[in-house]
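S.K.: If you read the sequences in order, they're chains L and Y.
Here numbering that gives the first Met the number 0 is used: position 141 in the first sequence is 140, and no number is missing along the way.
Here numbering that gives the first Met the number 0 is used: position 169 in the second sequence is 168, and no number is missing along the way.
Input: one structure, supplied below.
There are 2 protein chains.
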Amino acid sequence: MKRILLTISYDGTAYHGWQVQPNGITVQQVLQDALEKILGVRPDVTGCSRTDAGVHAREFCCHLDCEEKFPDEAFLSGVNSFLPDDIAVVDCKTVSPDFHARYAAKGKTYVYNILNSKRKDPFLSRYSWRIERPLDIGKMNSFCEKIVGKHDFYTFSSSGRTVTDTVRTVSECYVKREGEMVSLYITGDGFLYNMVRIVTGTAVAVSDGKINPEDTEKILSSHKRELAGMTAPAAGLVLQKVYY
Amino acid sequence: MKRILLTISYDGTAYHGWQVQPNGITVQQVLQDALEKILGVRPDVTGCSRTDAGVHAREFCCHLDCEEKFPDEAFLSGVNSFLPDDIAVVDCKTVSPDFHARYAAKGKTYVYNILNSKRKDPFLSRYSWRIERPLDIGKMNSFCEKIVGKHDFYTFSSSGRTVTDTVRTVSECYVKREGEMVSLYITGDGFLYNMVRIVTGTAVAVSDGKINPEDTEKILSSHKRELAGMTAPAAGLVLQKVYY
């Protein structure tokens, strides 16, 4: 047996997130279906994280074990031909047998895309949150700077969280405008349930003058979810990169 | 009564083209549903052209008549709120009562997008035809130059055509590469059924060395569909602009 690290990319619009679950079709399930056709047996595939329903991944990593006889290339061309258009295997390599896609991940970068426009765009609606009112990038960045560092992000997570340790280190967080697209980039060693979406919703609340960025520390230590901003919609979120 | 010219934009993936038809949901039907909610009566909406199933429009024009009391702005904000995310009204203005979205159109620009990449991209599959082998832009353009002008484009249309006069004037046709995206731009006074998709398929056949661009005139005058290239898939095609 050998362990394979697969890098996949997907448009999450049609899926109930990564993880197999009873209520809807998931990326993991569709990927396992395709792998089964190549491998002859249904593999267990372990992902680097869960992603929510409707969230996208430019790069999502997962591992599985298979017999030595399957060349790495079989995963790229073979599995892709059994996957729908909205999921692609983009890289594949053999890793050591004790490699773990989730535990070995040193960090991740997410991007949240906001279409800051009065104009509805049918080609971007799957991939962004549209906000008509002007966004103040300077204000948003004054909030983003404050969450960089090691903090207890309990306030910035939803009640569905599955962990008890809510301390995470954010190494980079900033907002950038390119034309009408305002993107929030965030890199950290790990992220709580809905954390990037709540960080984004809070950055928007800061832009709107509803939250003072000087209160960020107080909000973090409050453990009161209602003091942070709304959970931004899933469509705008992309898992951009996983670091090992 | 007054006549309204609506400019809409749509991701055509989910639709069986523009025109209402019995076998599937169409853009016209969904737009009329939304308009009915605003106007109180179901309007007849006349489009600038038919588009095929799966084809997109950055800009598609259509006209309808309504009572004077509805301000133009009602179409922008009101109708948009009743339309799904993949269709948007982007402009609206009152025109003269004898304006006709189809007959008044002086020309149109279509863009056909080819993703020239070995790598499957789930974010571009809805909007492009992926070709793995290298494309020769120079060769493709030597064909494109030959179809500019007034020609009988019968050879470059499918059997579903509804017109008898198959002469059209193409004022511009060229291919441009930007990174992995190869786009064919074509502007003309009118287009036959599947014409842009067959022009694109032929440009690709020229790139592949299967058709000699020097034979273009012969192919045009042959009236033999099989001498042209394949009909490129619908997903890559976008109606970019309509000229009045």
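By construction, the Cβ of each residue, glycine as well, lies at the ideal position given by its N, Cα and C atoms.
Given the structure is predicted, the values throughout are model-derived calculations rather than measurements.
#1: Note down the Cα distance separating residue 146/Y from residue 238/Y, rounded to an integer number of angstroms.
#2: In whole angstroms, what separates the C-alpha of residue 251/Y from that of residue 212/Y?
#3: Given a limit of 7 Å on CB to CB distance, which residues of the stretch 8–35 of chain Y reach chain C?
#4: Comparing alpha-carbon positions, which option in 79/Y, 67/Y, 133/Y, 155/Y lies nearest residue 178/Y?
#5: In whole angstroms, what separates the C-alpha of residue 222/Y from that of residue 131/L?
#6: What residues from the stretch 74–98 of chain Y come within 7 Å of chain L, judged by C-beta to C-beta, listed N to C?
#7: May I ask you to list, following chain order, the residues of the stretch 120–135 of chain Y that have a beta carbon less than 8 Å from some beta carbon of chain L?
#8: Would the beta-carbon of residue 101/Y fall within 7 Å of that of residue 47/Y?
#9: List, in chain order, every chain Y residue whose beta-carbon is nearer than 7 Å to that of residue 118/L.
#10: Could you give the C-beta distance for residue 34/Y and residue 89/Y, rounded to a whole number, given that I count them as a contact under 8 Å?
#11: Please go through the same chain and pick out, in chain order, the residues whose beta-carbon is closer than 6 Å to the beta-carbon of residue 240/Y, but skip the five residues on each side of it.
#12: Compute the beta-carbon to beta-carbon distance between residue 12/L and residue 18/L, rounded to the nearest angstrom, for a pair I have assumed lies under 8 Å.
#13: Please classify residue 85/Y as buried or exposed, where buried requires at least 16 other C-beta atoms within 10 Å of its C-beta.
#14: Taking DSSP as the reference, what is the three-state secondary structure of residue 159/Y?
#15: Pull up the distance between the alpha-carbon of residue 92/Y and that of residue 27/Y, whole angstroms please.
#16: How many angstroms separate the CA atom of residue 114/L from the CA atom of residue 162/L?
#17: Within 10 angstroms of its Cβ, does residue 139/L collect 16 or more other Cβ (buried), or is it exposed?
#18: State the Cα-Cα distance for the pair residue 69/Y and residue 187/L, rounded to the nearest angstrom.
#19: Using the rule of at least 16 other Cβ atoms within 10 Å of the residue's Cβ for burial, across every protein chain shown, is residue 99/L buried or exposed?
#20: Thinking C-alpha only, which one of 123/Y, 155/Y, 190/Y, 200/Y is nearest residue 217/Y?
#21: Can you check whether the CB of residue 196/L is closer than 7 Å to the CB of residue 234/L?
#22: At 3 residues or longer, and completely inside the stretch 41–76 of chain Y: list those beta strand (DSSP E) runs for me, N to C.
#23: For residue 200/Y, count the other beta carbons within 10 Å of its own beta carbon; 16 or more makes it buried, fewer makes it exposed. Which is it?
#24: Measure the alpha-carbon distance for residue 180/Y versus residue 193/Y and round it to whole angstroms.
#25: Hey, quick one: how far does the beta strand (DSSP E) through residue 148/Y stretch, first residue to last?
#26: If you run the structure through DSSP and keep just helix, strand and coil, what is residue 213/Y?
#27: With a floor of 3 residues, list each beta strand (DSSP E) that falls wholly inside the stretch 91–128 of chain L, ordered by position along the chain.
#28: Could you tell me how far apart the beta carbons of residue 9/L and residue 56/L are, in whole angstroms, since I believe they sit closer than 8 Å?
#29: According to DSSP, is residue 88/Y part of a helix, a strand, or is it coil?
#30: Please classify residue 20/Y: does DSSP put it in a helix, a strand, or coil?
#31: Alpha carbon to alpha carbon, how far is residue 152/Y from residue 103/Y? Give it in angstroms, no decimals.
#32: Beta-carbon separation of residue 110/Y and residue 182/Y under 7 Å?
#33: DSSP has residue 195/L in a bridge; who is on the other side?
#34: Give every residue of the same chain whose Cβ lies closer than 6 Å to the Cβ of residue 42/Y, excluding the five residues on either side of it in the sequence, and list them in chain order.
#35: Under the assumption that residue 82/Y contacts residue 29/Y (Cβ atoms under 8 Å), give the Cβ distance between them as a whole number of angstroms.
M.R.: Looking at the coordinates:
#1: Translated into the one-based positions of the second sequence, residue 146/Y becomes position 147. Translated into the one-based positions of the second sequence, residue 238/Y becomes position 239. Their backbone Cα atoms lie some 19 Å apart in a straight line.
#2: No answer is possible for residue 251/Y: it lies beyond the span of chain Y, which begins at 0 and ends at 243.
#3: No chain C is present in this structure, whose protein chains are L and Y.
#4: As a working mapping, residue 178/Y is identified with position 179 in the second sequence. Checking every option, the nearest Cα to that of residue 178/Y belongs to 133/Y.
#5: Against the second sequence, residue 222/Y aligns to sequence position 223. Against the first sequence, residue 131/L aligns to sequence position 132. Looking at the two C-alpha atoms, the distance is approximately 52 Å.
#6: 79, 84, 85, 86, 87, 89
#7: 120, 121, 122, 124, 125, 126
#8: Looking up residue 101/Y in the second sequence gives position 102. Looking up residue 47/Y in the second sequence gives position 48. Yes. Within cutoff.
#9: Locating residue 118/L in the first sequence gives position 119, counting from the first residue. Chain Y residues near residue 118/L: 89.
#10: One-based indexing of the second sequence puts residue 34/Y at position 35. One-based indexing of the second sequence puts residue 89/Y at position 90. Contact flag wrong, Cβ pair sits at about 15 Å.
#11: Indexing the second sequence from 1 puts residue 240/Y at position 241. Within the same chain, residue 240/Y has close Cβ partners 58, 108.
#12: Position 13 of the first sequence, counted from the start, is the residue given in the question as residue 12/L. Position 19 of the first sequence, counted from the start, is the residue given in the question as residue 18/L. Contact doesn't hold; Cβ gap of about 17 Å is too wide.
#13: For this step, residue 85/Y is matched to residue 86 along the second sequence. By the neighbour-count rule (16 or more Cβ atoms within 10 Å), residue 85/Y is buried.
#14: Position 160 of the second sequence holds residue 159/Y. In the structure shown, residue 159/Y sits in coil (DSSP, three-state: anything other than H, G, I, E or B).
#15: One-based indexing of the second sequence puts residue 92/Y at position 93. One-based indexing of the second sequence puts residue 27/Y at position 28. Near 19 Å, if we compare the C-alpha coordinates of residue 27/Y and residue 92/Y.
#16: Here residue 114/L corresponds to residue number 115 of the first sequence, with the count starting at 1. Here residue 162/L corresponds to residue number 163 of the first sequence, with the count starting at 1. Going by the C-alpha atoms only, they are around 32 Å apart.
#17: Position 140 of the first sequence, counted from the first residue, corresponds to residue 139/L. With 16 or more other Cβ atoms within 10 Å, it is buried.
#18: By 1-based counting over the second sequence, the position of residue 69/Y is 70. By 1-based counting over the first sequence, the position of residue 187/L is 188. Between residue 69/Y and residue 187/L, the C-alpha separation is close to 52 Å.
#19: Translated into positions along the first sequence, residue 99/L becomes position 100. Result: exposed.
#20: Residue numbering aside, residue 217/Y sits at position 218 when the second sequence is read from its first letter. Per the Cα distances, 155/Y.
#21: Looking up residue 234/L in the first sequence gives position 235. Looking up residue 196/L in the first sequence gives position 197. Their beta carbons are not under 7 Å apart, which means residue 234/L does not touch residue 196/L by this criterion.
#22: 55–65
#23: As a first step, residue 200/Y is located in the second sequence; it is residue number 201 there, counting from the start. Burial call: buried.
#24: In the second sequence, the residue the question calls residue 180/Y occupies position 181. In the second sequence, the residue the question calls residue 193/Y occupies position 194. Going from the Cα of residue 180/Y to the Cα of residue 193/Y covers about 21 Å.
#25: Taking the second sequence and counting its residues from 1, one reaches residue 148/Y at position 149. Counting along the chain, the beta strand (DSSP E) containing residue 148/Y begins and ends at 148–151.
#26: As a working note, residue 213/Y is residue 214 in the second sequence. Note: residue 213/Y maps to helix in three-state DSSP.
#27: 106–115
#28: Walking along the first sequence from the start, residue 9/L turns up at place 10. Walking along the first sequence from the start, residue 56/L turns up at place 57. Going by Cβ atoms, the distance from residue 9/L to residue 56/L rounds to 5 Å, so yes, they are a contact pair.
#29: Counted from its first residue, the second sequence places residue 88/Y at position 89. Strand, per DSSP.
#30: Along the second sequence, one-based indexing puts residue 20/Y at 21. Strand at residue 20/Y.
#31: Here the question's residue 103/Y lines up with position 104 in the second sequence. Here the question's residue 152/Y lines up with position 153 in the second sequence. Taking the straight line from one Cα to the other gives about 22 Å.
#32: Position 111 of the second sequence, counted from the first residue, corresponds to residue 110/Y. Position 183 of the second sequence, counted from the first residue, corresponds to residue 182/Y. Cβ distance < 7 Å, so residue 110/Y and residue 182/Y count as in contact.
#33: Residue numbering aside, residue 195/L sits at position 196 when the first sequence is read from its first letter. Beta-bridge pairing links residue 195/L to no other residue.
#34: The residue labelled residue 42/Y in the question sits at position 43 within the second sequence. Once the five neighbours on either side are set aside, the close Cβ partners of residue 42/Y are 34, 63.
#35: Position 83 of the second sequence, counted from the start, is the residue given in the question as residue 82/Y. Position 30 of the second sequence, counted from the start, is the residue given in the question as residue 29/Y. With a Cβ gap of about 7 Å, residue 82/Y and residue 29/Y count as contacting.
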